[in-house]
Every structure is written in C-alpha cells, then in structure tokens.
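Below: the structure, in structure tokens.
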Amino acid sequence: MNPKHIEKSYDAVIVGAGAAGLSAALGMLRSPAMAHMRAEGREPSILVISKLQPLRSHTGSAEGGIAASLGNERHDDWHWHYFDTVKGGDWMVDQDAARMLAEYAPETVINLERSGVAFSRMTDGHIAQRRFGGHTADFGREPIPRAAYAADRIGHQILFALWQQCVGQGVDFADEWYVTDLVLDRSGQRARGVVAFDIAHGEVHTIHASTVLMATGGAGRLFGTTSNSWDLTGDGMALALAAGLQVEDIEFIQFHPTGLAHTGLLLSEAARAEGGVLRNARGEAFMQRYAPDHGDLSARDVVSRAVTAEIAAGRGVPDPREPQAGPDCVWLDMTAIDPQRMRTALPQVLETIRTYAGLDPTRDMVPVKPTAHYTMGGIPITTEGEVYRWQGGERRIVDGLYAAGECSCVGVHGANRLGGNSLLDACLFGGRAGAAMAARIETATSPADDGVDPVYDAAERRRSQVAAWLQDHDASGDETMSAPSTSNASDEDNESNKSDESGESDAQDTDGTASDNPYRLFADLGAVMERALAVHCDAESVARALNAIERDLAPRAAALHPHDHAAAFNQELTAIWEARHLITLARIVLRCSDARHESRGSLHRDDYPDRDDRRYLAHTMGDASGAIGWQPVHILGMPPAGRTY
C-alpha cells in the first residue's frame with residue numbers, strides 16, 4: 004500500500020490501475036476543466052485504488068500491438084480501420100463509437116509516444132507497424148500493417164509509461180486495496196463512493212466520492228484455461244450488478260486461437276504476423292480452407308473455430324508434455340521466421356515457449372489451442388465513459404458514475420474484438436472518461452444532505468461480515484484449508500478438483516468435515532464454464548452449466564468462509580469475494596448466451612448456426628435478477644453485410 008494517508012473523501016475515485024484507469028487519471032489532469040479549476044485555485048483530489056500494485060496490472064501482459072492508421076509502413080486510412088472494426092465485430096458494433104475509435108487512434112498512439120512509450124522503430128525512425136488479424140486496406144481488399152508495437156511487450160511499455168506519468172503528477176494510489184462495494188444513493192441514480200478492504204492491514208474503509216470510475220478489467224477467470232491474469236475476476240461488472248445496474252453484451256467472450264497448450268498462456272498474434280503458420284496433424288496449413296483471403300490472420304473467432312473444427316475432425320495433435328490428454332491441439336509452426344528476427348520482434352513469445360513448453364520455436368512446432376482471452380461486453384457506457392441504464396427504450400445516465408476498459412462496454416468491439424483494439428479502447432476512452440469526470444467536478448453542486456450515508460452503511464455491513472467470518476473461524480477450532488490444485492482446471496481428468504455436471508462436489512476432507520475453499524471453487528467453475536461455452540455452445544450445454552451453478556457452485560460460494568483468523572494479509576478473504584463475483588457473472592453470461600438464438604462473432608451456437616439480423620441485431624442488457632432487455636445497435640453508414648475473410 005502507498006504509505007500516504009488515504010483520505011475518506013475524494014472528488015474522484017478510480018478503481019483499477021491498468022491502462023484504462025491510469026488513462027482516466029491522466030485524462031482528468033490534462034483536461035481543460037482541470038486547467039480552469041487550477042486557475043481558480045482549486046485542486047480536485049483523485050485516488051486510484053488497485054487490488055494489485057499498479058505495475059502488476061494485466062495491461063502489462065499485452066504483447067502484440069495497438070491499432071492505429073498511422074500509415075508508416077504503407078498508406079492507411081482511418082475509414083478502413085473503422086470498417087474493419089465494424090466487420091470484425093460482426094455488425095454488433097455501435098458505429099458512432101467505432102468511428103471515434105478509428106479516427107482518434109493515431110492521436111492516441113502519438114500521445115502515448117510523447118508520454119514515454121518506447122515503440123519499435125522503422126529504419127527512418129517512424130513507429131513500426133505489423134499486420135494483425137482482420138485489419139485491411141481499402142475496405143477488406145487485402146491485409147495491412149496497422150498495429151504499432153514494442154517488440155511483443157507493448158502492454159508493458161504502455162503500463163509503465165502511464166504509471167510514471169501519474170506518479171510524476173502526484174496522483175494518490177491505494178495499492179492492494181480491494182473494492183467490495185460500489186455505492187449509489189437511495190434512488191440508484193447517483194454515485195456516492197466505494198467501500199474498500201485494505202489487504203495489508205485487514206481494515207474496511209469508507210471512501211466518499213462525487214465521481215467514481217470503474218476500470219477493473221475483464222473476467223477471464225470464469226474459464227479454467229485463460230490467457231488472463233488470475234486477478235481478472237470480473238469485479239467491476241459484478242459490483243455494478245450488485246448496485247442494481249446492467250451489463251451489456253456479456254455473452255460475447257473471445258477465445259484467442261493460440262494459447263500455449265494446457266497452460267492458457269498467450270502466444271501473441273504477432274507470431275503469425277511475423278510468419279507463423281497453423282498446421283494440423285497432417286502438416287497442412289489449414290486456415291486457407293476456412294479463410295482463403297486472410298488465412299492465419301483472420302479475425303480471432305474465425306481462427307478459433309477453425310482450430311476446434313480441425314481437432315473435432317480428427318486432425319488435432321497431442322501436447323508432447325501431456326499426451327494423455329489426446330489430440331486436442333494444433334501446431335503453431337514458426338520455423339520459417341528468421342531466428343534473429345524472432346529474438347528481436349518476439350522475445351516474449353520465444354521465452355514463453357522455451358520456459359513453459361520446453362521447445363525451441365526456431366526448430367520445433369508448438370502445440371496450441373484456444374484460450375479465454377477477452378470480455379467484449381461489460382458495464383454499458385457512452386463515448387464519454389458515463390454509465391447508464393437501458394430503460395424505457397432510452398439511456399438513463401447514472402450521475403457521477405463512469406467506466407472504462409475491459410470491464411465496460413462502449414460498443415466498439417461488438418461480438419468479436421480485433422487484435423490491437425483493446426489497448427486503443429482502454430487508452431482512448433479511458434482518457435475521454437477522465438476528461439468528462441473533470442468537467443462534471445468543475446460544475447457539480449453538492450447533493451442535498453438527506454441525513455443518510457449509504458457508503459458508511461455499506462462499510463459497516465462489510466465490517467460485520469469480516470468480523471463474523473473471523474469469529475466463526477475462532478469458534479470452529481483450527482481448521483486446515485485444502486490446498487488448491489496446481490493442475491489446469493479445464494483438464495477433465497482432474498476429477499478431484501471440479502464438480503460433475505450434475506452439480507455434485509467433493510468438497511469434503513478425509514474425516515467428512517467441510518473443507519471447501521475459493522480456490523477449489525475457481526477450478527470447479529472454470530471447468531463447468533469450459534464445457535458450457537468454450538468456442539461452441541448450445542442450449543443443452545448452457546442448461547447443464549446453469550444447473551451446476553444453482554445446485555452446487557452458488558450454495559458453496561455462499562457458504563465459503565476463511566480458514567485463518569487473521570484479517571491482515573488474508574488473501575482468502577478477497578478470494579471469497581472474487582469467487583462470488585464470478586458466480587454472479589457466470590449466471591448472467593449463461594443466461595444472455597441462452598437468450599441469443601443465433602451465432603454471431605465469438606458466440607457460436609451449434610443449435611442456431613446462422614446470424615439473425617432481423618431478430619438479434621441488438622445488444623443484450625442483463626441485470627442480476629436475470630432480466631434481459633435489448634438495445635438496438637447504432638448503425639450509421641454501414642448496414643449489416645456478409646462477414647468472410
């Protein structure tokens with residue numbers, strides 16, 4: 004935790020310290036509204052809360068690039084990027100937001116460079132760019148290099164640069180604080196603050212704020228095999244649902260086609276951009292059959308489905324390290340890439356393969372399979388980052404509440420995100436949200452004092468919860484927590500660490516005493532969600548998963564308690580909250596997947612294999628009760644068309 008004293012009231016609280024949260028802080032500090040307030044002698048207070056030390060945020064793992072039509076390698080046009088984004092999202096994209104994303108992408112990248120991001124360079128000194136899946140020239144005619152990169156460590160560069168800028172401008176950080184509650188007023192129409200748990204000291208804090216921004220990242224840990232940090236437990240989305248808000252398009256979860264087999268570790272799309280080829284057991288470069296124009300650099304959902312189709316057809320290969328799992332992978336062949344080029348352009352990919360697969364990609368083919376990667380949906384926001392409810396056919400803004408990054412949904416990714424657009428989304432719309440927060444702070448008036456302090460009340464409930472958990476531990480004696488499994492949660496042979504599909508659990512120790520814990524629950528939920536939704540699904544797989552959650556996983560989550568009496572540095576406390584957040588999200592993901600009777604982008608239903616624009620060209624808007632509304636997609640100048648690569 005930052006040693007600075009943390010005040011109890013702030014003008015702005017930002018929850019999350021990845022690219023979106025840090026961009027929001029800088030967007031506030033660099034905004035015209037902030038300049039006006041400073042000229043008047045006002046200095047609004049800003050607090051960034053992160054459950055991690057900020058430099059451990061998941062942004063740091065982004066490898067391949069950030070998309071922008073800089074035109075450094077060859078002529079490019081932001082209109083082409085706009086078209087590619089809409090097409091890549093299978094026309095589920097809000098075109099006003101996508102147009103903004105593409106138009107302001109070059110400016111965003113240049114501003115990152117000026118903030119200290121050390122991009123890779125061309126020989127003439129311009130920012131280097133590489134091809135990425137789905138990015139084309141002349142409205143789909145041919146692939147084009149559009150991803151600005153820093154070898155294969157662009158996220159690391161962006162995260163460090165933004166954090167250094169925030170530290171240099173005196174932003175307050177509360178590191179390793181876990182936000183347990185997002186608090187609105189009694190009407191649910193205005194943000195009042197948050198409740199946070201200080202992990203280092205085991206204390207619950209009341210934090211009042213007139214503006215709150217959620218930037219907590221995605222929910223990859225819904226699945227046993229994921230490229231995401233295990234800290235991405237959907238906290239911001241679950242907190243919004245608990246506060247009576249909605250999530251948008253939450254059924255669209257992207258599986259990246261090249262996860263290192265049985266680890267989930269990402270092998271960046273940059274590996275294919277540099278010349279890597281996907282091959283089946285026969286050695287065939289099979290993507291030419293599925294996407295003859297773009298091959299291995301087609302959109303990610305297209306490639307992931309092609310990989311699973313090859314495996315299902317008996318042309319998969321086994322992982323040399325886990326041959327007992329059977330032929331459930333395909334090969335990534337990087338041997339045609341010059342070894343020196345691989346060392347300079349793909350150092351992270353090279354290191355990952357050598358360390359975790361024991362292979363040398365300059366000589367060996369590498370086993371890969373799809374891994375859960377990105378949450379396209381999230382908390383619904385405007386292009387200014389304002390959170391809203393969809394009610395009565397209109398957007399109703401929640402005053403003072405904002406969101407940005409992967410936990411939000413501004414509508415730019417639709418049903419499938421193009422590579423390079425996530426960092427762009429986080430930096431661009433994070434900055435815009437920060438500027439909007441500053442403008443609101445400049446003109447806002449204090450709410451009338453009605454004698455009610457919902458933030459304090461929420462904090463008292465959390466204090467009581469923690470005290471009861473620790474008291475229960477003391478009363479029940481010295482229990483021993485079962486160790487979490489170290490194997491992959493999606494491995495169906497790992498019967499000791501998952502629920503079966505009927506919902507039965509083995510959460511008992513040898514003498515029959517209940518010994519369940521959140522880590523076991525993470526593994527069991529991940530296995531259930533893998534079977535239900537990984538790349539393909541149907542009504543039956545979704546129903547089985549919902550049954551398992553209601554009969555087994557949700558009751559277990561509700562019954563979880565810590566196994567140690569200490570409040571300070573008790574990671575099981577936060578893990579319990581994370582597990583409950585994932586259960587909340589799993590329910591709504593499954594229900595929205597079940598409600599959409601079509602296949603679109605990342606959601607492929609075997610029982611509804613076709614896209615249905617007549618009935619489902621609309622965003623799902625789901626809440627914690629299970630109610631699902633439909634918001635029409637914003638169409639400007641690009642009516643829905645076919646989607647081929």
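For the sequence shown, this note's numbering begins at 4 and goes up steadily by one. Cβ atoms here follow ideal geometry from the backbone N, Cα and C, with glycine treated the same way.
With contacts defined by Cβ atoms closer than 7 Å, residue 563 and residue 579 form a contacting pair. For residue 591, the enclosing alpha helix (DSSP H) begins and ends at 574-598. Judged by DSSP in its simplified three-state form, residue 340 adopts coil rather than helix or strand. The DSSP-derived three-state label of residue 64 is helix. Between the alpha carbons of residue 550 and residue 544 lies a gap of roughly 10 Å. Distance from the Cα of residue 475 is smallest, within the candidate group 410, 335, 569, for 569. According to the DSSP assignment, residue 525 belongs to the alpha helix (DSSP H) that extends over 521-536. Looking only at 88, 116, 128, the smallest Cα-Cα distance to residue 76 is reached by 128.
The Cβ neighbour count for residue 87, taken over all protein chains shown within 10 Å, is at least 16; the residue is labelled buried. It is roughly 44 Å from the alpha-carbon of residue 322 to the alpha-carbon of residue 170. Listed in chain order, the beta strand (DSSP E) elements of length 3 or more contained wholly in the region 177-226 are 180-187, 194-201, 206-217. One thing to note: residue 212 has its Cβ no nearer than 7 Å to the Cβ of residue 459.
Only residues of its own chain outside the window of five on either side were considered, and among them 193, 194, 195, 246, 247, 401, 404, 457 have a CB closer than 8 Å to the CB of residue 187, listed in chain order. Within the same chain, 431 come within 6 Å of residue 107 by CB-CB distance, once the 5 residues on both sides are set aside. Exposure of residue 142 is indicated by the presence of fewer than 16 other C-beta atoms within 10 angstroms of its C-beta. Proximity of the region 162-176 to the region 377-397 falls short of the contact definition, fewer than three beta-carbon pairs being nearer than 8 Å. Remark: three or more beta-carbon pairs, one from each stretch, lie closer than 8 Å, so the region 64-74 and the region 145-156 are flagged as touching. Each residue's CA atom was taken as its position, placing residue 51 and residue 325 some 43 Å apart.
The beta carbon of residue 646 lies closer than 7 Å to those of 90, 93 in the same chain, with the five residues before and after it left out. When only Cα atoms are considered, residue 347 and residue 178 end up about 34 Å apart. Taking residue 304 as the centre and dropping the five residues before and after it, the same chain places the C-beta of 419, 604, 605 closer than 6 Å to its C-beta, in chain order. In this structure, the alpha-carbon of residue 239 lies about 9 Å from that of residue 406. Within the region 318-363, complete alpha helix (DSSP H) segments of at least 4 residues are found at 342-348, 350-359, given in chain order.
Rounded to whole angstroms, the gap between the alpha carbons of residue 435 and residue 27 is 7 Å. Rounded to the nearest whole angstrom, the CA to CA distance from residue 469 to residue 571 is 11 Å. In the structure shown, the three-state DSSP call for residue 416 is coil. Under the DSSP definition of a beta bridge, residue 50 partners with 16, 175.
Using a 10 angstroms sphere on the CB of residue 634, the tally of other CB atoms reaches 16 or more, which defines it as buried.
Take residue 219, set aside five residues on each side of it, and the residues of its chain with a beta-carbon closer than 7 Å to its own are 18, 19, 238, 239, 410, in chain order. When the alpha-carbon of residue 257 is set against those of 281, 279, 222, the nearest one is in 222.
Taking the Cα of residue 365 as reference, the smallest distance to any Cα among 357, 371, 541 is reached at 357. Taken through DSSP and simplified to helix, strand or coil, residue 135 comes out as strand.
In this structure, residue 100 lies away from residue 429, with their beta-carbon atoms at least 7 Å apart.
Excluding residues up to 5 positions away in sequence, 112, 150, 151, 157, 423, 426, 427 lie with their Cβ nearer than 7 Å to the Cβ of residue 69 in the same chain.
Just so you know, the alpha carbons of residue 342 and residue 277 end up roughly 11 Å apart.
The residues 183, 184, 461, 462, 465, in chain order, have a CB closer than 6 Å to that of residue 198 in the same chain once the five nearest residues on each side in sequence are set aside.
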